[in-house]
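Colleague:
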Amino acid sequence: MKVDLHLHTIYSPDSNASLESIIERCKRLGIDCLAITDHNTIEGALRMREISPFPIIVGEEIMSSAGEIMGYFLKEEIPKGISPQEAVSLIKDQGGLVCLPHPFDGFGRYPLKAEYREELLSQIDIIEVFNARSLRNNFSEQARSFAKQHGFLCSAGSDAHSAREVGNAYVDMPKFDGPDEFKIALGEGQIFGRRNSVIDRIATGISTLPKRLRSHHSV
-17 MKVDLHLHTI
-7 YSPDSNASLE
3 SIIERCKRLG
13 IDCLAITDHN
23 TIEGALRMRE
33 ISPFPIIVGE
43 EIMSSAGEIM
53 GYFLKEEIPK
63 GISPQEAVSL
73 IKDQGGLVCL
83 PHPFDGFGRY
93 PLKAEYREEL
103 LSQIDIIEVF
113 NARSLRNNFS
123 EQARSFAKQH
133 GFLCSAGSDA
143 HSAREVGNAY
153 VDMPKFDGPD
163 EFKIALGEGQ
173 IFGRRNSVID
183 RIATGISTLP
193 KRLRSHHSV
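This note's numbering applies: residue -17 is where the sequence shown begins, and numbers increase by one.
#1: Report yes if the C-beta distance between Met45 and Asn22 is below 7 Å; otherwise report no.
#2: So, for Asp154: in the same chain, excluding its five sequence neighbours on each side, which residues have a beta-carbon less than 7 Å away from its beta-carbon?
#3: By the three-class DSSP mapping on this structure, what secondary structure does Leu102 have?
#4: Using the three-state DSSP reduction, which class does His199 fall into: helix, strand or coil?
#5: Counting along the chain, where does the beta strand (DSSP E) carrying Asn113 start and finish?
#6: Applying the criterion that 16 or more other CB atoms from any shown protein chain within 10 Å of the CB defines a buried residue, is Leu(-13) buried or exposed?
#7: Taking the straight line between their C-alpha atoms, what separation do you get for Asn215 and Thr19?
#8: Would you list the one or two residues that DSSP bridges to Cys8?
#9: Can you give the Cα-Cα distance for Arg91 and Gly49, rounded to whole angstroms?
#10: Is the beta carbon of Asn113 within less than 6 Å of some heavy atom of the ligand NAD?
#11: State the start and end residues of the unbroken alpha helix (DSSP H) segment that holds Ile166.
#12: What number of angstroms, rounded off, separates the C-alpha of Phe164 from the C-alpha of Leu82?
#13: Checking the sheet assignment: what are the DSSP bridge partners for Glu43?
#14: Mapping DSSP to helix, strand and coil, what is Gln67?
#15: Going straight from the alpha carbon of Gly41 to that of Arg31, what length do you get?
#16: Within the stretch 127 to 163, note down every full beta strand (DSSP E) run reaching 3 residues or more, in order along the chain.
#17: Would you please state the rounded distance, in angstroms, between the beta carbons of Tyr54 and Ala114? I believe it to be under 8 Å.
Structure, rendered in structure tokens:
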């Protein structure tokens, strides 16, 4: 099955991808499963799970006090602004898996700071080694090297913020049920991907500017 393991819906301030448009895109591309990883909320993932014709992994991209951490197979939302240690603990407490997204891409991104990455090595499950929004190949190469060095599972995701970006990166892997089977299947998977269009990225940024400004002022 083809699984896109990192994308954002309209429940993220910087995404304009409706749930319905994401589903239609997946049908066209043959994407069989999604991890919905909105910024600091699982509301979109829970709603998508209700309406999607294919499996949905409830995830969240959490902005910790030292950079972003992703949780998979979540049951409860994790608040932003907490320490990396707290974020990881809250993921693990609910039986979830810890993934580091775009771990070496600081080009307008918020990877987890290196000192915390090293401190939390024993609690990390997955390293995202291909992110379709990363602009340079060496970011992926560094992530692959780090994952190989430490024996981590590798993932890939489109990091879509618009429906047309969904499926630009995915893992082709066996079917699974739950986090334990997911880890086994991910270890047997193959990663495929291409970079998202810079034009799409700019267009999404412009279209979501009012929403992002409202979100900023509401904090």
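Each residue gets a CB set at the ideal place from its N, CA and C atoms; glycine is no exception.
Modeller: If we stick to the structure as given:
#1: As a first step, residue 45 is located in the sequence shown; it is residue number 63 there, counting from the start. As a first step, residue 22 is located in the sequence shown; it is residue number 40 there, counting from the start. It is a contact, given that the beta carbons lie within the stated cut-off.
#2: Numbered from its first residue, the sequence shown carries residue 154 at position 172. Cβ neighbours of Asp154 beyond the five flanking positions: Lys(-16), Gly171, Gln172 and Phe174.
#3: As a position in the sequence shown, residue 102 is number 120, starting the count at 1. In the structure shown, Leu102 sits in coil (DSSP, three-state: anything other than H, G, I, E or B).
#4: If you number the sequence shown from 1, residue 199 lands on position 217. Reliability of the predicted coordinates at His199 is poor, the pLDDT of 49 falling under 50, and the value obtained from them is presented with this limitation in mind. Three-state DSSP puts His199 in a helix.
#5: The sequence position of residue 113 within the sequence shown is 131, counting from 1. First-last of the beta strand (DSSP E) with Asn113: Ile108 to Asn113.
#6: Within the sequence shown, the letter at position 5 stands for residue -13. Counting Cβ neighbours within 10 Å, Leu(-13) comes out buried, since at least 16 surround it.
#7: Because the chain spans -17 through 201 in this model, residue 215 falls outside it and cannot be assessed.
#8: As a position in the sequence shown, residue 8 is number 26, starting the count at 1. In DSSP, Cys8 forms no bridge with anything.
#9: The sequence position of residue 91 within the sequence shown is 109, counting from 1. The sequence position of residue 49 within the sequence shown is 67, counting from 1. Each residue's Cα considered, the two are about 9 Å apart.
#10: Looking for the ligand NAD in the displayed structure turns up nothing, as the structure carries no ligands at all.
#11: Sequence index remark: in the sequence shown, residue 166 carries index 184 (1-based). Ile166: member of the alpha helix (DSSP H) spanning Gly160 to Gly169, first to last residue.
#12: The residue labelled residue 164 in the question sits at position 182 within the sequence shown. The residue labelled residue 82 in the question sits at position 100 within the sequence shown. For Phe164 and Leu82, the distance between alpha carbons rounds to 16 Å.
#13: As a first step, residue 43 must be located in the sequence shown, where it is residue number 61. Bridge partners of Glu43: His21 and Met52.
#14: Against the sequence shown, residue 67 aligns to sequence position 85. Here Gln67 sits in helix by DSSP.
#15: Numbered from 1 along the sequence shown, position 59 holds the residue referred to as residue 41. Numbered from 1 along the sequence shown, position 49 holds the residue referred to as residue 31. Gly41 and Arg31: Cα-Cα distance of roughly 11 Å.
#16: As summarised for the stretch 127 to 163, the continuous beta strand (DSSP E) elements at least 3 residues long and confined to that stretch are 135 to 139 and 151 to 154, given in chain order.
#17: Position 72 of the sequence shown, counted from the first residue, corresponds to residue 54. Position 132 of the sequence shown, counted from the first residue, corresponds to residue 114. No, Tyr54 and Ala114 are not in contact; Cβ-Cβ is about 18 Å, not under 8 Å.
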